[in-house]
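Report on the following structure.
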Amino acid sequence: MAINTQDSSCLPLQEKIDHSNKTARAIELVILSLLISMLVYRVVSFKDQDNSVPWLLAFLCESCFTFIWILCVSIKWTPCNTKTYPARLLERVNESEFPAVDIFVTTADPILEPCIITMNTVLSLLAVDYPANKLALYLSDDGCSPLTFYSLVETTKFAKLWVPFCKKYNIQVRAPFRYFTPDSTPLEDESLEFQHEWKKMKNEYGDLYKKIEVAAQTPFTCEPDSGFADFRDVSRSDHPAIIKVISENTDELPHVIYISREKNPKHPHHYKAGAMNVLARVSSVMTNAPLMLNVDCDMYANNPQVFLHAMCVVLHYKNDKDFGFVQFPQAFHDGLKDDPFGTQLANFYYIINGVAGIQGTFYMGSNCFHRRKVIYGLSTNDKITSENIRNEDLHKVFGKSFELIESTAEILSGTDVKVEYRKSPSNFIDAAIDVAGSNYEYGTHWGKKVGWLYGSTAEDMLTGIGIHGRGWRSVLCLPEPLPFLGCAPLTYPSSLTQQKRWAMGLLEILFTDKNALLLTIKGKLWFRQALGYLWVCLWGIRSIPEICYASLPAYCIITGSHFLPTFNEWAFIIYVGIFVIYNAYTLWECKRIGVSLRMWWNYQKMARVTSLTTWFFGFLTIMLKIMGLSKIVFEVTQKEHKSNYGDGIGANDDENDGRFTYDKSPVIVPSVVIILVNMTVLVSCVLKLSKVDYNEIWMEIMGLGLGEVFCSVWLLICFWEFLKGLFGNGKYGIPSSTIWKSVVLALFFVHLCRRYS
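Everything in the sequence shown is counted per our numbering, starting at 6 for the first residue and increasing by one.
Spelled out as structure tokens, the structure:
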């Protein structure tokens, strides 16, 4: 598809960087050999156990852990990423030859996703280093909020000043809330002209900030003669499509278009996937760019050359089968120190680089450049020309909009980087409203074979696996500085919402026709790539062996049995070896990417906490859905905005940042039960030892089982925050209703252990 920008004397626009992985491979194989030895020991010694129940459960759990480790080793075996050279691109390719890009920014709730965050993302994207006449920015507002529309209008006015300022002085940070701070001043060695414009721009941004803040606290009067008449008498779940062209392309500013798709309670709206498909259709009839960038509302462009980095990939390949999308990593600004809730994803660095070395990185739902024809369902071996395109076939797949069919035919039959960019989107508003209707998709392939796929709240992973299943590869690009930065959850309840949604959505994929193993057999998904998808989709199911294994130490101490070898058995070395080597290995990996010791520990403990809370409830929710007893509810993650502008607005409480807070969510109940049960058994151990004669105390300790006692202590350490929450006050204390539920379940567990011992 791409323009041939290389010859034998030219340096490449991008290079694949393979990472040396020999040391990591050796350690991973050592751990794998120990895990297999552990399973062999279980089988060989099974007949010698007086109580076979804990031994059998331990064997089943350890088999699951070994399988997960095999998947992990496979994923990380050949890590790589892509290095791009935008300077070479600018020397070699004229800007007029750059492909057009439609930018999609999605937001769903102006309260949970504050408008000032979304507008900074919009401003950063409008100011990127790329020809403005090649860009169109679409803001999808699933909340149908006049506040969001008002904010976009005011932001566009400010952008007419901000974008020229950034490009004139080559400002590197183009999100104003990151560039301006209350105490920031222009450098004294800068020109007087720059200092004057800098102060003016800071004041203008301050005015914009205050306008949005005031508007958020004031009800909108949607009178018939006002600019908000379309928002009169509508609700977020029942309203017609609203599409407004805020600004058409100028020399400095791209098209800016507001979209709130039609919603009707009688029609499913498919959450973010539905919004993305409306964006794809509306943009198709309005601008029809061959490339589409989708960005979450909190992910601002931190690197102004991010589009040039993407074009290095787009224009590099002679064979368009080599990539279906270009993914930039998710990273975060102003994250809590040492990531106490484990939400900043630094520990996924090696996994992401690992899958990049197979068929390509996962689609992560944001920061991704898609090729429109790939989103439209094309496979790598499809050869479509204008001669073999039939309108009847396109109607069945894409719907009955004449404008949509016409623009789709252009994309499917042409070299997609050369598709003509439409200049006046305001001429197509009626057609855009038609394709944004809530019933437009009926009788079409949207959400099934075309566009973002339905069937999972993790629409990004489902869509990505569909693209890879059709034979496409993907590219992971890691330029410096980081291309996009977003907001990580700043409270524990927010992180619970996010992790639970991921666990549910990923598990749902296993029950669709996009199951990784099915696509390997019937599609073009590579086997190792399928293992990568399987690793992430099994998060919810992994909670079951995690909970069972976490329950075994307490069960064995209560019943006087063992699930671990005793201190004088040779197999004891296997378990000690796995524990020590694995923790040392993960610490070494984290130190290689600059992660602190405290952050490493937070990732270790939160892995246990997450599996017993959000993953477990995600698993239960999907099981109830499959049985027809429950429906999935999409929960938007709260985007906390730590303001750095204005006097006292959004002041930070640094002293309490990162402290665990709790609500009445039942998700944390399993963790509290684990804490209570292990506290009970450890106290009983201490009381038992206090009654033993000093000369016999060592024999009593051996009888308790050192391994089981150590595991109980380790669990208490991992769940230390919940232990503190039992005695905390206010929002830092676990609600009494949650504690009483947990007490009942803990007593029930102890009773069962004693009864069936």
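Even glycine gets a Cβ: it sits at the ideal position worked out from N, Cα and C.
Let's test the definition: count the other Cβ atoms within 10 Å of the Cβ of residue i and tell me whether it reaches 16, buried, or not, exposed.
i: cysteine 15; result: exposed
i: isoleucine 579; result: buried
i: tyrosine 761; result: exposed
i: aspartate 465; result: buried
i: glutamine 504; result: buried
i: valine 480; result: buried
i: lysine 669; result: exposed
i: alanine 656; result: Low confidence applies here, because alanine 656 scores a pLDDT of 42, under 50, leaving its location unreliable and the question unanswered by this model.
i: leucine 197; result: exposed
i: valine 638; result: exposed
i: aspartate 652; result: Confidence is the limiting factor: at aspartate 652 the pLDDT is only 40, short of 50, which leaves the residue's position unreliable, though a coordinate-based value still follows. By the 10 Å Cβ count, aspartate 652 comes out exposed.
i: glutamate 67; result: buried
i: arginine 47; result: buried
i: tryptophan 74; result: buried
i: leucine 692; result: exposed
i: alanine 803; result: With the chain covering 6 to 762 only, the question about residue 803 has no answer from this structure.
i: proline 273; result: exposed
Report yes if the CB atom of residue i is closer than 9 Å to the CB atom of residue j, and no otherwise.
i: arginine 286; j: serine 129; result: no
i: leucine 487; j: asparagine 308; result: yes
i: lysine 81; j: alanine 29; result: yes
i: valine 250; j: proline 104; result: no
i: valine 833; j: serine 717; result: In the structure displayed, the chain extends from 6 to 762; residue 833 sits before or after that span and is not available.
i: alanine 508; j: phenylalanine 624; result: yes
i: arginine 475; j: glutamate 640; result: no
i: isoleucine 247; j: leucine 501; result: no
i: tyrosine 214; j: phenylalanine 170; result: no
i: glutamate 713; j: proline 558; result: yes
i: valine 98; j: phenylalanine 312; result: no
i: leucine 524; j: isoleucine 470; result: yes
i: alanine 441; j: isoleucine 264; result: yes
i: tryptophan 544; j: serine 429; result: no
i: tyrosine 667; j: tyrosine 497; result: yes
i: asparagine 386; j: alanine 414; result: no
i: threonine 161; j: threonine 112; result: no
i: asparagine 138; j: aspartate 256; result: yes
i: threonine 83; j: isoleucine 363; result: yes
i: cysteine 85; j: histidine 24; result: yes
i: glycine 663; j: proline 345; result: yes
Which stretch, first to last residue, makes up the beta strand (DSSP E) that contains residue i?
i: serine 252; result: 247-252
i: methionine 297; result: 296-301
i: tyrosine 263; result: 260-265
i: aspartate 107; result: 106-112
i: asparagine 86; result: 85-89
i: tyrosine 447; result: Looking at the DSSP string, tyrosine 447 is not in any beta strand (DSSP E), and its letter there is neither H nor E.
i: glutamate 20; result: 19-23
i: lysine 141; result: Checking the sequence, you will find alanine at residue 141 rather than lysine. Unbroken beta strand (DSSP E) run through alanine 141: 140-146.
i: cysteine 373; result: 373-376
i: serine 479; result: 479-481
Round the Cβ separation of residue i and residue j to the nearest angstrom and send it over; I've been treating them as touching at under 8 Å.
i: methionine 291; j: phenylalanine 433; result: 5 Å
i: proline 59; j: serine 548; result: Between serine 548 and proline 59 the Cβ distance is about 19 Å, and since that is not below 8 Å, they are no contact.
i: glycine 340; j: alanine 180; result: No, glycine 340 and alanine 180 are not in contact; Cβ-Cβ is about 16 Å, not under 8 Å.
i: proline 259; j: leucine 166; result: In fact, because the Cβ distance is near 15 Å, the residues do not count as touching under 8 Å.
i: isoleucine 217; j: methionine 124; result: 7 Å
i: lysine 88; j: isoleucine 36; result: 31 Å between Cβ atoms; not a contact.
i: leucine 512; j: isoleucine 627; result: 5 Å
i: glycine 710; j: cysteine 561; result: 6 Å
i: valine 283; j: tyrosine 381; result: That belief does not hold up - the Cβ atoms of valine 283 and tyrosine 381 are roughly 15 Å apart, past 8 Å.
Could you give the first and the last residue of the continuous alpha helix (DSSP H) run that contains residue i?
i: lysine 162; result: 151-174
i: valine 614; result: 602-617
i: histidine 314; result: 311-319
i: cysteine 561; result: 544-564
i: arginine 179; result: First-last for arginine 179: undefined, no H or E at that position.
i: glutamate 202; result: 197-221
i: leucine 399; result: 396-403
i: valine 58; result: 57-80
i: cysteine 120; result: 120-131
Q) Is the region 450-464 close to the region 513-527, with three or more CB pairs under 8 Å? A) yes
Q.
For the pair the region 366-375 and the region 297-311, tell me if three or more CB-CB distances fall below 8 Å.
A. yes
Q: Decide if the region 443-454 is in contact with the region 394-413; the criterion is three or more beta carbon pairs, one per stretch, under 8 Å apart.
A: yes
(Q) For the structure I just gave you, are there three or more beta carbon pairs, one from the region 204-222 and one from the region 180-191, closer than 8 Å? (A) yes
Q) Are at least three pairs of beta-carbons, each pair with one atom in the region 331-340 and one in the region 589-601, less than 8 Å apart? A) no
Q: Determine contact between the region 733-750 and the region 665-681, defined as no fewer than three beta-carbon pairs at a distance below 8 Å.
A: yes
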